[in-house]
Amino acid sequence: MDDISSINRKLSYNLAALQTFDLVARHGNFTGAAEALGLTQSAVSQKIKGLETELGIALFRREHRGVSLTNEGVRLLNVVRPAMTQIGNSLASLLERKSRPRVRISADFAFASFWLLPRLSHLRAELGDEIEIQILASQVPPDDYGEDCDIKIHVGPRSSMGGGDVMLLQERVGAVCSPAYVERHGPVSSAAGLLDCQLLSLSKPASAEWQTWQGWFDRLGITGERSKHYISFNNYDMVVQSAVSGDGIALGWLGLIDRLLQSGALVQAVPDVVASDAGYVMSRDYSSRLQGPSLVFDWIAEHLAGAGRL
Numbered sequence: 003m004d005d006i007s008s009i010n011r012k013l014s015y016n017l018a019a020l021q022t023f024d025l026v027a028r029h030g031n032f033t034g035a036a037e038a039l040g041l042t043q044s045a046v047s048q049k050i051k052g053l054e055t056e057l058g059i060a061l062f063r064r065e066h067r068g069v070s071l072t073n074e075g076v077r078l079l080n081v082v083r084p085a086m087t088q089i090g091n092s093l094a095s096l097l098e099r100k101s102r103p104r105v106r107i108s109a110d111f112a113f114a115s116f117w118l119l120p121r122l123s124h125l126r127a128e129l130g131d132e133i134e135i136q137i138l139a140s141q142v143p144p145d146d147y148g149e150d151c152d153i154k155i156h157v158g159p160r161s162s163m164g165g166g167d168v169m170l171l172q173e174r175v176g177a178v179c180s181p182a183y184v185e186r187h188g189p190v191s192s193a194a195g196l197l198d199c200q201l202l203s204l205s206k207p208a209s210a211e212w213q214t215w216q217g218w219f220d221r222l223g224i225t226g227e228r229s230k231h232y233i234s235f236n237n238y239d240m241v242v243q244s245a246v247s248g249d250g251i252a253l254g255w256l257g258l259i260d261r262l263l264q265s266g267a268l269v270q271a272v273p274d275v276v277a278s279d280a281g282y283v284m285s286r287d288y289s290s291r292l293q294g295p296s297l298v299f300d301w302i303a304e305h306l307a308g309a310g311r312l
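Written out as structure tokens, the structure reads:
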């Protein structure tokens, strides 16, 4: 225990001494460092002497108008300065978060693009500008919360939901395309007829839970040779843009693309809709006592929970 206490005392002393060393190197003299630290020039000089004695090397050459680094001092500065910069940035970030609450939302690209972003201004208007909203779009949810996010919104089965989680949108998926595509290629008579059409597909990581064309056809009991006419994207926003441009037929998540259907930018290619017990599940880090994540979580739940329910 005595050894640990000794190490902690030495570490505490050396951190202060290393900060002093960094500031002396920045200013090129003890006076500037002393002013920055609110210490006397003599106190700064003593800290540097103590550090040099501890390390057994000379860090500065004392000159007439200041100090300059020795070779050993340069080597130490190359290690100390990035660390001090990182510590300073981290402390500044923590202080900023304390003065202006920040809420980080991890959401998949589709939800972020088609539901969250169009409503972000309304969220900010109702909750106030004092809460900073950060959206981290990703195809799959992070493993945990930590510094990465406060709220997670990703597709998952109902069976995966934990206490406090909210099912925002149950999965209901139809085949959609632009009116121009229908005009060029003619209407599709049935879901099975889609096998002969140009299909737009979203690449699916192994851990992802969302519906694919193969699963969609399987749910409708459509068997036989699968379509070979696929264009694949790794981002749902691109899938939808390609569909709006008339490049092919895409799977459309009802509840996300409703505005495009209402405006006529997209239409359902066939009336069939495949539903599942999966959907957009929202969860948050309940260990956090900050008010911001709770306010944002409740706002989203109030505006969307149960939409698209079977």
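Each number in the working numbering comes from the position in the sequence shown (counting from 1) with 2 added on.
All residues carry an ideal CB built from backbone N, CA and C; glycine is no exception.
When DSSP states are grouped into helix, strand and coil, valine 142 belongs to the coil group.
If you check the CB distance, valine 276 and tryptophan 218 come in under 7 Å.
Shown here for isoleucine 135: same chain residues with a beta carbon closer than 6 Å to its own, the five before and five after excluded, namely Val105 in chain order. For leucine 297, the enclosing alpha helix (DSSP H) covers residues 293-306. If only complete runs of 4 or more residues are kept, the segment 25-104 shows the alpha helix (DSSP H) at 32-39, 43-57 and 73-101, in order along the chain.
In the structure shown, alanine 252 falls within a strand segment according to DSSP collapsed to helix, strand and coil.
Rounded to the nearest angstrom, the Cβ distance from tryptophan 117 to leucine 253 is 16 Å, too far for a contact under 8 Å.
Taking C-beta separations shorter than 6 Å and ignoring five residues to either side along the sequence, the partners of aspartate 167 in its chain run Val283 and Ser285, following chain order. Along the segment 171-215, the alpha helix (DSSP H) occurs as fully enclosed runs of 4 or more residues at 181-187, listed in sequence order. Judged by DSSP in its simplified three-state form, histidine 124 adopts helix. Annotation: aspartate 287 to glycine 248 spans about 41 Å, alpha carbon to alpha carbon. When the beta-carbon positions are compared, leucine 262 and leucine 256 stay at least 7 Å from each other. Burial of histidine 156 is indicated by the presence of at least 16 other C-beta atoms within 10 angstroms of its C-beta. For methionine 163, there is no enclosing beta strand (DSSP E), since its DSSP letter is neither H nor E. One alpha carbon belongs to serine 161, the other to leucine 53, and they sit about 59 Å apart. In the structure shown, serine 234 adopts extended strand secondary structure according to DSSP, grouped into three states.
Between serine 205 and tryptophan 215, the beta carbon gap of about 12 Å keeps them out of contact (Cβ cut-off 8 Å). Comparing alpha carbon positions, the residue from Tyr238, Asp152, Ala177 and Thr33 closest to glutamine 293 is Asp152. The continuous alpha helix (DSSP H) containing serine 265 extends over residues 260-265. Within the DSSP bridge table, the entry for arginine 106 names Gln136 as partners. Spanning the alpha carbons of arginine 186 and glutamine 264 requires a straight line of approximately 21 Å. Annotation for asparagine 236: Gln141, Leu204 and Ser205 place their beta carbon closer than 8 Å to its own, counting only its chain and skipping 5 residues before and after.
Residue environment: threonine 22 is assigned as buried (16 or more neighbouring CB atoms within 10 Å of its CB, all protein chains considered). When DSSP states are grouped into helix, strand and coil, glycine 217 belongs to the helix group.
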